[in-house]
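S.K.:
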Amino acid sequence: MSSTTQAAPVKHKSISYARWGYFFIAPFVLVYLTCSLIPLLSTFYNSLFENYMDGLKQIGPNFVGLDNFVTIFTPRSSDGKLEVLSYTGNTLIMWVMGAVPQIVFALLLAVIFTSERMKIKGQGFFKTVIYMPNLIMASAFAMLFFQIFSSVGPINQIIIANGGSAFLFFDQMWSARTIIAFINFLMWFGNTTILLMAGIMGIDQSLFEAASIDGASSTQVFFRITIPLLMPIIVFVVITALIGGLQMFDVPQIITSGKGNPSNTTKTLVMALNGYIGLSKNYGMAGAYSFFLFIVTGALSFIVFRFTEPKKDNKKGGKK
Amino acid sequence: MASKMEYIDKGNKTSLFLSRLVSYIFLVFVTILSLFSFYLLIINSSRSNAQLQAGFEFLPKEHFFDNLATAWNDTSIFFLPQGMLNSFIVAALTCILTSYFSAMTAYGVCVYDFKGRKLVHKIIILVMMIPTQVSALGFVQLVNNLGLTNTYWPLVIPAIAAPSTYFYMKQYIDSTLPLEIVEAARVDGSNEFRTYNFICMPILKPALAVQMIFAFVASWNNFFTPALILDKKEMYTLPIMLSIVRSRINSQAGDMGEVYMIILLAIVPVVLVYLFLSKFIIGGVTLGSVKG
Chain A
1 MSSTTQAAPV KHKSISYARW GYFFIAPFVL VYLTCSLIPL LSTFYNSLFE NYMDGLKQIG
61 PNFVGLDNFV TIFTPRSSDG KLEVLSYTGN TLIMWVMGAV PQIVFALLLA VIFTSERMKI
121 KGQGFFKTVI YMPNLIMASA FAMLFFQIFS SVGPINQIII ANGGSAFLFF DQMWSARTII
181 AFINFLMWFG NTTILLMAGI MGIDQSLFEA ASIDGASSTQ VFFRITIPLL MPIIVFVVIT
241 ALIGGLQMFD VPQIITSGKG NPSNTTKTLV MALNGYIGLS KNYGMAGAYS FFLFIVTGAL
301 SFIVFRFTEP KKDNKKGGKK
Chain B
321 MASKMEYIDK GNKTSLFLSR LVSYIFLVFV TILSLFSFYL LIINSSRSNA QLQAGFEFLP
381 KEHFFDNLAT AWNDTSIFFL PQGMLNSFIV AALTCILTSY FSAMTAYGVC VYDFKGRKLV
441 HKIIILVMMI PTQVSALGFV QLVNNLGLTN TYWPLVIPAI AAPSTYFYMK QYIDSTLPLE
501 IVEAARVDGS NEFRTYNFIC MPILKPALAV QMIFAFVASW NNFFTPALIL DKKEMYTLPI
561 MLSIVRSRIN SQAGDMGEVY MIILLAIVPV VLVYLFLSKF IIGGVTLGSV KG
């Protein structure tokens, strides 16, 4: 279907039917406005107030302007570090550690499954199985891995049996971060594979045939044809993974019992936000944190778009 | 395909064998990686609290039914089957609303050339990038003001506007739904909603199934929002019940065996739903390909 053949009749009939579009999008738009936009704006509005519980005493709400943002960007007195930046750093580092293998594995699997040349048998089984980790709750994963790497867990049983002494994985920054990143990888690589597979199947098969007639090797085909044509879906995958990554909460929350140990190096932005909403009921700071999270998400998505979006003139059917 | 094979000369045959071999080894590795957690959960749910505290084992023990009884009779979380029912109600409604209304929105944007449709599309894509937690605070306040705490409305109604489902359905409709069908239905005198419900929906079935399973799983496993909205025991969903039982582990009253049993019981329904719909997932995603 080319866009020209589609566009012509639609334009012609639009006089009588176009308004139906409003009925179709109405439920979505109304629900979005009430359930998301109003809360979003009121969250930002909250950030301008001093409003928290001091013990049982309610402080505020008093209008304080941008004071909450000033507080967020004031270095901690104990060690002169900016809390919000270190939480952003933690979140992004753990995201990258999980997302890179996630996308590499997903690409490999998608290429294997869609390879006309290899004709892998049992595809249905493998495809079904790789999505299954996504069915387990994040909290359940966190508990399982806590058990595996605990001081009496199987890994340490092996270390001790070989004459070593127990290694406390959750007391070391990098081992704790690696475990959290690995869980995220394990939960999401199947989902990514499914999306990338769809993208590869959407590529015109004749391009692969032409390449193989011209004697291109599989590596050449992968880097010169598959990757460039898959770019739009890769962008989608990276951005959705990034948004998911910035929301990282359950796994580090449960593995570290909400503390972000060792010394806050696994504490994520949403863990901090959750602390303000739930524990201290500091709605002003929670609002300011949310706004910060919003800005970070927007900025990072924009960067991913800028660097990965292929040039417009390569695109067919500019309907998007 | 046959014609393609002719271009593969003998030298390539060994390389084909090798790449197949490597691929199968990789696939087996990934399968083990994926199923290992399920195995551990089953093993753990058959061990007593003392056995779980003592260390780790690869073989099942005999306490499966003890743990089942403990979880079933735990009154601190009200009643486990009630939690499963609650979770099921919320997840089922969420998944139906999400797929129906978000697909309807995508259909509206694809089929009708109304004023501002490009703007609507761009705004929804933008909205997709806002994490749910960002507006959580305002959402909880809104729910409080409307007196809807301890009801399922705040969990179910927002599902109508699911930007990522919209995005996926839009790509799918663009690439698979011929607009001629809509035209033909009009000529036959079908009303626009009838055309959508009875003529176009069946064509979108594979993509809808994919989004339904994604939505069902996400809602079933969601802890963040329900935990902010529900504090009545009889309204609890499974993830909240799990977190209550789990929070006791650090104290003496905790029972790890019960925790793993609840996790296992929580997984069984999603696995069944998934296996039932998985042929759509594998086939459906393929059809709903995003054109590059």
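These protein sequences, in sequence, are chains A and B.
Just so you know, we're using this note's numbering here: the first sequence kicks off at 1 and counts up by one.
Just so you know, we're using this note's numbering here: the second sequence kicks off at 321 and counts up by one.
Ideal Cβ positions, reconstructed from N, Cα and C, are used throughout, including at glycine.
1) Return helix, strand or coil for A/PRO61, following the three-state DSSP convention.
2) What is the DSSP secondary structure of B/GLU500, reduced to helix, strand or coil?
3) Between B/PHE596 and chain A, is any beta-carbon pair separated by less than 7 Å?
4) Chain B beta carbons: is any one of them nearer than 7 Å to that of A/VAL270?
5) Is B/GLU578 helix, strand or coil by DSSP?
6) Please confirm if A/PHE113 has its CB atom under 7 Å from at least one CB of chain B.
7) The beta strand (DSSP E) that contains A/GLU50, what's its start and end?
8) Using a Cβ-Cβ cut-off of less than 9 Å, list which residues of the segment 121 to 137 of chain A approach chain B; keep chain order.
9) Within 7 Å (strictly less), CB to CB, does A/SER36 reach chain B?
10) With burial defined as no fewer than 16 other Cβ atoms inside 10 Å of the residue's Cβ, what is the status of A/ALA299: buried or exposed?
11) What is the DSSP secondary structure of A/ASN46, reduced to helix, strand or coil?
12) Rounded to the nearest angstrom, what separates B/PHE544 and A/VAL31 at their Cα positions?
13) For A/SER290, decide whether its Cβ has a neighbour in chain B, counting only Cβ atoms nearer than 7 Å.
14) State the start and end residues of the unbroken alpha helix (DSSP H) segment that holds A/PHE113.
15) For a test of the three-state rule: what should DSSP assign to B/HIS441, helix, strand or coil?
16) Is it true that the segment 500 to 509 of chain B meets the segment 519 to 529 of chain B, where meeting means three or more beta-carbon pairs spaced less than 8 Å apart?
17) Checking 7 Å against the spacing of the C-beta atoms, do B/LEU353 and B/LEU584 come in under that value?
18) How long is the line joining the alpha carbons of B/SER539 and B/PRO451, rounded to whole angstroms?
19) If B/ILE582 and B/MET561 are in contact, beta carbons under 8 Å, what's the gap, nearest whole angstrom?
20) Mapping the DSSP letters down to three states, classify A/ILE234 as helix, strand or coil.
21) For chain B, find out if any of its Cβ atoms is closer than 7 Å to the Cβ of A/ALA166; answer yes or no.
22) Could you check how far apart the C-beta atoms of B/ALA389 and B/PHE536 are, in whole angstroms? I think they sit under 8 Å.
23) Are the segment 480 to 498 of chain B and the segment 76 to 85 of chain A touching by the rule of at least three beta carbon pairs closer than 8 Å?
24) Apply the 10 Å Cβ neighbour rule to A/PHE305 and answer buried if 16 or more other Cβ atoms are within range, or exposed otherwise.
25) Pick from B/SER396, B/LYS333 and B/GLY428: whose alpha carbon is nearest that of B/GLY574?
26) Could one say the Cβ of A/PRO61 lies closer than 7 Å to chain B's Cβ atoms, at least one of them?
27) Have a look at B/LEU439 and B/THR469 and give me their C-alpha separation to the nearest angstrom.
28) For the segment 530 to 560 of chain B, which residues have a CB atom closer than 7 Å to at least one CB atom of chain A, in sequence order?
29) Looking at the secondary structure, which residues open and close the alpha helix (DSSP H) in which B/ARG566 lies?
30) Residues of chain B with CB closer than 8 Å to the CB of A/ALA211, please, in chain order.
31) Ignoring anything shorter than 3 residues, give me the beta strand (DSSP E) runs that lie fully in the segment 135 to 222 of chain A, in order along the chain.
32) Select from B/GLN461, B/MET449 and B/ARG367 the residue whose C-alpha is nearest the C-alpha of B/LEU379.
33) For a contact defined as C-beta to C-beta under 9 Å, what are the partners of A/THR297 on chain B?
34) Indicate the three-state DSSP secondary structure (helix, strand or coil) for B/THR545 in the structure shown.
35) Counting pairs of beta carbons, one from the segment 132 to 142 of chain A and one from the segment 208 to 226 of chain A, are three or more of them closer than 8 Å?
36) Counting only beta-carbon separations shorter than 7 Å, does A/GLN247 have a partner in chain B?
M.R.: Walking through what the data contain:
1) Secondary structure of A/PRO61 (DSSP, three-state): strand.
2) The answer is helix: DSSP assigns B/GLU500 an H, G or I state.
3) So, not an interface residue.
4) It does; some Cβ of chain B falls within 7 Å.
5) Three-state DSSP puts B/GLU578 in a helix.
6) With a threshold of 7 Å between beta carbons, A/PHE113 makes no contact with chain B.
7) Per DSSP, A/GLU50 belongs to the beta strand (DSSP E) from 49 to 54.
8) Against chain B - using a Cβ distance shorter than 9 Å - the residues of the segment 121 to 137 of chain A are LYS121, GLY122, GLN123, GLY124, PHE125, PHE126, LYS127, THR128, VAL129, ILE130, TYR131, MET132, PRO133, ASN134, LEU135, ILE136 and MET137.
9) Closer than 7 Å to some Cβ of chain B, the Cβ of A/SER36 qualifies, so yes.
10) Exposed, since its Cβ has fewer than 16 Cβ neighbours within 10 Å.
11) Note: A/ASN46 maps to helix in three-state DSSP.
12) Each residue's alpha carbon lies about 20 Å from the other.
13) Yes, A/SER290 lies at the interface with chain B (some Cβ there is under 7 Å from its Cβ).
14) 83 to 114 is the span of the alpha helix (DSSP H), which, as asked, contains A/PHE113.
15) It is helical.
16) Touching, yes.
17) Result no, Cβ atoms of B/LEU353 and B/LEU584 do not sit closer than 7 Å.
18) So the two alpha carbons sit approximately 16 Å from each other.
19) Separation of the CB atoms of B/ILE582 and B/MET561 is rounded to 7 Å, and the pair is thereby assigned contact status at 8 Å.
20) The answer is helix: DSSP assigns A/ILE234 an H, G or I state.
21) Put simply, the CB of A/ALA166 is far from chain B, with every gap to its CB atoms at 7 Å or more.
22) Separation of the CB atoms of B/ALA389 and B/PHE536 is rounded to 29 Å, and the pair is thereby denied contact status at 8 Å.
23) With contact defined as three or more Cβ pairs closer than 8 Å, the segment 480 to 498 of chain B and the segment 76 to 85 of chain A are not in contact.
24) Label assigned to A/PHE305: exposed.
25) Among B/SER396, B/LYS333 and B/GLY428, the Cα nearest to that of B/GLY574 belongs to B/SER396.
26) Chain B contact via Cβ: absent.
27) Approximately 34 Å, taken between the alpha carbons.
28) Under the 7 Å Cβ criterion, the segment 530 to 560 of chain B contributes VAL537, ASN541, PHE543, PHE544 and PRO559.
29) Per DSSP, B/ARG566 is one residue of the alpha helix (DSSP H) stretching across 558 to 567.
30) The contacting residues do not exist; A/ALA211 stays about 10 Å from chain B at best.
31) Qualifying beta strand (DSSP E) stretches: none in this window.
32) Selection B/GLN461, B/MET449 and B/ARG367 evaluated against B/LEU379 yields B/ARG367 as nearest (Cα-Cα).
33) Listed by position along chain B, the residues whose Cβ is nearer than 9 Å to that of A/THR297 are MET449, ILE450, PRO451 and VAL454.
34) Residue state, collapsed to three classes: helix.
35) Under the 8 Å Cβ criterion, the segment 132 to 142 of chain A does not count as touching the segment 208 to 226 of chain A, having fewer than three qualifying pairs.
36) Contact with chain B is found for A/GLN247, since one of that chain's Cβ atoms lies less than 7 Å from the residue's Cβ.
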